[in-house]
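Let me begin by presenting the structure, written as structure tokens, before commenting on it.
2 protein chains.
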Amino acid sequence: MPSASIINTSDTSHTPHSPSQNRLLAALPAGDMESLYPHLKLVPMPLGEILCKSHCTTKQVYFPTTSIVSLLFVTENGASTEIAVVGNEGIVGVAHFMGGNTMPTEAVVQSEGYAYQINVQLLLREFNHDAPIQHLLLRYTQALITQIGQTAVCNRHHSLEQQLCRWLLLSLDRLPSNELIVTQELIANMLGVRREGVSEAAGKLQRAGLISYYRGHITVLNRPRLEDIVCECYKVVKEEYDRLLPERMAT
Amino acid sequence: MPSASIINTSDTSHTPHSPSQNRLLAALPAGDMESLYPHLKLVPMPLGEILCKSHCTTKQVYFPTTSIVSLLFVTENGASTEIAVVGNEGIVGVAHFMGGNTMPTEAVVQSEGYAYQINVQLLLREFNHDAPIQHLLLRYTQALITQIGQTAVCNRHHSLEQQLCRWLLLSLDRLPSNELIVTQELIANMLGVRREGVSEAAGKLQRAGLISYYRGHITVLNRPRLEDIVCECYKVVKEEYDRLLPERMAT
DNA sequence: CCATCTCTGTGCGCTGACGCACACACTTGG
DNA sequence: CCAAGTGTGTGCGTCAGCGCACAGAGATGG
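Sequences listed follow chains A and B, in order.
Just so you know, the UniProt record's numbering puts 246 at position 246 of the first sequence, and the rest follows in order with no gaps.
Just so you know, the UniProt record's numbering puts 185 at position 185 of the second sequence, and the rest follows in order with no gaps.
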């Protein structure tokens, strides 16, 4: 049973899609909705799809609803590290309104689902002439900065097991159910560690009854205990998202 | 002899101070200079001064000129990690114009010098009504995001020695000379590693003739070779700063 | 001049994560 | 039904970085 901090409350299998499933879009004032919504295009986000490679110049930005997107840095020798995760609370493509157009980041779909896509130009027009949407997106970006910074801290100071817990909780917060469709190999790539390391840590969590997994399906059985053993990084990030993003998006 | 990528070209001991020593301030169009410059206050930045603790609500932002400021995350048990460094190419206090006012970050003076201070309200007034300054600050913030993300990558994948090289080069780029006034202990706190580890890595660099240090004074003797052995993280960040910040600030 | 403090060097045992190799179970497709 | 592919478990040697302890050398201040 998902805890109170679940974001998605809709049952994805039956509810019709709506831009308001994305918390940023939902928080827009009525006027902005009217100007943006007609241009939003619902797109499926298949697992593993690369929305944007490092420094690629895509002209689309994405507002995930039921999908989760990972922002990865890939090193020269192919190793990768997830620096942040974006779900229905955010937007993929902050570089466009920050003014740099591209980033040395790769955006990969980490959990299958849907997103609303919009052309950069259309979004920029609103961003540049409308204070509320600008403030909303900038505050979101600040929350993102905190997540990235906290990832740096976590990478430095915390154990693989704690990082796994953080990753699970961050994903869980962005999903409607308590089941994640990911292999341990994928998690390892996100965290930038060995697959065997994830296997060991996940096995430990499973033996403790916190999770249960089976060939690419991880189910969180006891979220409260997961929150007990996770490092502070999760809480810092979560509180910052709650603080910076609109009220109705907080819980 | 400092290489071509030195930012400060002034001799701090003799030249009069000027806001244009900060590259962001220098890049402002004439109109913005006129409205901002009268409100800028030159302040000394003593080594170790804490400009802003985690989530503190200071009403000042800083444009370093000859000083360097570290942005640190401090964990519950007192361990710290530098997530980014700000020198004369940037501004301390992005949270103010990003809309969050505070951040879970501590800003500490890592290298003594000067900065121009300005009241948040005055800066915000310009930020909200003037596109050029807004674009400038947002592009800087995007560069900062890259630096933070790359720090996360570096913490994950690269050796202490490589990280030390990165740290030295990032500092060097923000200083007029090739001498840093820092103890190994301080560097250890920044990198979030043991003092002994820094001692060992620095000793290795010294024996190789790349640096020379003595009780809190580190002199870089061979910058090109340092750039050879540093990890890619340094280059990625540097190129992103060069790309995102104005031409005259690039070299 | 001596006690104290600061900064750095070094040694040692420990541990978390790595790289590799291989086994096993389940799935998929002919 | 069997071969190939996918996802996971496990063992083993290695190593970077940790924590700790202590030494020595220079700085500082009475």
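Beta carbons: idealized from backbone N, C-alpha and C, even for Gly.
Alpha carbon to alpha carbon, what distance is there between Q134 (chain A) and I218 (chain A)? For the purposes of this step, residue 218 (chain A) is taken as residue 218 along the first sequence, with counting starting at 1. For the purposes of this step, residue 134 (chain A) is taken as residue 134 along the first sequence, with counting starting at 1. Each residue's Cα considered, the two are about 37 Å apart.
Residues bridged to residue 262 (chain B) by DSSP? Any question about residue 262 (chain B) goes unanswered here, given that chain B covers just 1 to 251.
Looking at the unbroken alpha helix (DSSP H) that takes in H157 (chain B), where does it start and where does it end? Here residue 157 (chain B) refers to the residue found at position 157 when the second sequence is read from its first residue. Its alpha helix (DSSP H) spans residues 131-157.
Assign C233 (chain B) to one of three DSSP states: helix, strand, or coil. Within the second sequence, residue 233 (chain B) is the residue found at index 233, counting from 1. C233 (chain B) sits in a helix when the DSSP states are folded into three classes.
According to a CB-to-CB cut-off of less than 7 Å, which residues of the stretch 159-192 of chain B neighbour chain A? G192
Below 8 Å, how does it come out for the stretch 113-130 of chain B and the stretch 146-153 of chain B: are there three or more Cβ pairs, yes or no? no
Give the residues of chain B in contact with F73 (chain A), contact being defined as C-beta atoms less than 7 Å apart. Counting from one through the first sequence, the residue named residue 73 (chain A) turns up at place 73. Neighbours of F73 (chain A) across chain B, judged by C-beta separation under 7 Å: G149, Q150, V153.
Put H39 (chain A) into one of helix, strand or coil per three-state DSSP. Translated into the one-based positions of the first sequence, residue 39 (chain A) becomes position 39. Looking at H39 (chain A) - three-state DSSP - the assignment turns out to be helix.
Tell whether a beta-carbon distance below 8 Å holds between I187 (chain B) and I83 (chain B). As a first step, residue 187 (chain B) is located in the second sequence; it is residue number 187 there, counting from the start. As a first step, residue 83 (chain B) is located in the second sequence; it is residue number 83 there, counting from the start. No, the pair does not count as a contact, with Cβ atoms beyond the cut-off.
Does DSSP classify S111 (chain B) as helix, strand or coil? What you label residue 111 (chain B) is simply residue 111 of the second sequence in a count that begins at 1. In the structure shown, S111 (chain B) sits in a strand (DSSP, three-state: E or B).
Could you tell me whether the Cβ of I68 (chain A) comes closer than 8 Å to any Cβ of chain B? Here residue 68 (chain A) is taken as the residue at index 68 of the first sequence, counted from 1. By this cut-off, I68 (chain A) is not an interface position.
How would you list, in chain order, the residues of chain B whose beta-carbon sits under 7 Å from the beta-carbon of I83 (chain A)? Start at 1 with the first residue of the first sequence, and residue 83 (chain A) comes out as number 83. Chain B residues near I83 (chain A): G149, A152.
Sequence-distant residues of the same chain with beta carbon closer than 6 Å to G90 (chain A), five excluded per side: The residue labelled residue 90 (chain A) in the question sits at position 90 within the first sequence. Counting only Cβ-Cβ distances below 6 Å, and skipping sequence neighbours, we find Y140.
Simplified DSSP state of E179 (chain B), which is helix, strand or coil: The residue given as residue 179 (chain B) occupies position 179 in the second sequence. In this structure, E179 (chain B) counts as strand in the three-state DSSP scheme.
What are the boundary residues of the beta strand (DSSP E) that C52 (chain B) is part of? Start at 1 with the first residue of the second sequence, and residue 52 (chain B) comes out as number 52. 50-52 is the extent of the beta strand (DSSP E) around C52 (chain B).
If I follow the unbroken beta strand (DSSP E) through Q21 (chain B), where does it start and stop? Against the second sequence, residue 21 (chain B) aligns to sequence position 21. No beta strand (DSSP E) contains Q21 (chain B), which DSSP labels as neither H nor E.
Report back the beta-carbon spacing between Y116 (chain B) and T58 (chain B) to the nearest angstrom; my notes put them in contact at under 8 Å. Translated into positions along the second sequence, residue 116 (chain B) becomes position 116. Translated into positions along the second sequence, residue 58 (chain B) becomes position 58. About 15 Å; that fails the 8 Å criterion.
contact_flag[the stretch 98-111 of chain B, the stretch 24-31 of chain B] where n(CB pairs < 8 Å) is 3 or more: Taking a cut-off of 8 Å for Cβ pairs, the stretch 98-111 of chain B and the stretch 24-31 of chain B do not touch, as fewer than three such pairs fall below it.
For Y241 (chain B), the residue or residues it bridges with in DSSP: Indexing the second sequence from 1 puts residue 241 (chain B) at position 241. DSSP, once it has assigned bridges, lists no residue as partnering Y241 (chain B).
In the structure shown, what three-state DSSP assignment does P104 (chain A) receive? Locating residue 104 (chain A) in the first sequence gives position 104, counting from the first residue. In this structure, P104 (chain A) counts as coil in the three-state DSSP scheme.
Say whether the stretch 191-211 of chain A touches the stretch 70-89 of chain A, bearing in mind that this needs 3 or more beta-carbon pairs closer than 8 Å, one atom from each stretch. yes
Quick check: the Cα distance between R223 (chain A) and L170 (chain A), rounded to an integer number of angstroms? Against the first sequence, residue 223 (chain A) aligns to sequence position 223. Against the first sequence, residue 170 (chain A) aligns to sequence position 170. Each residue's Cα considered, the two are about 12 Å apart.
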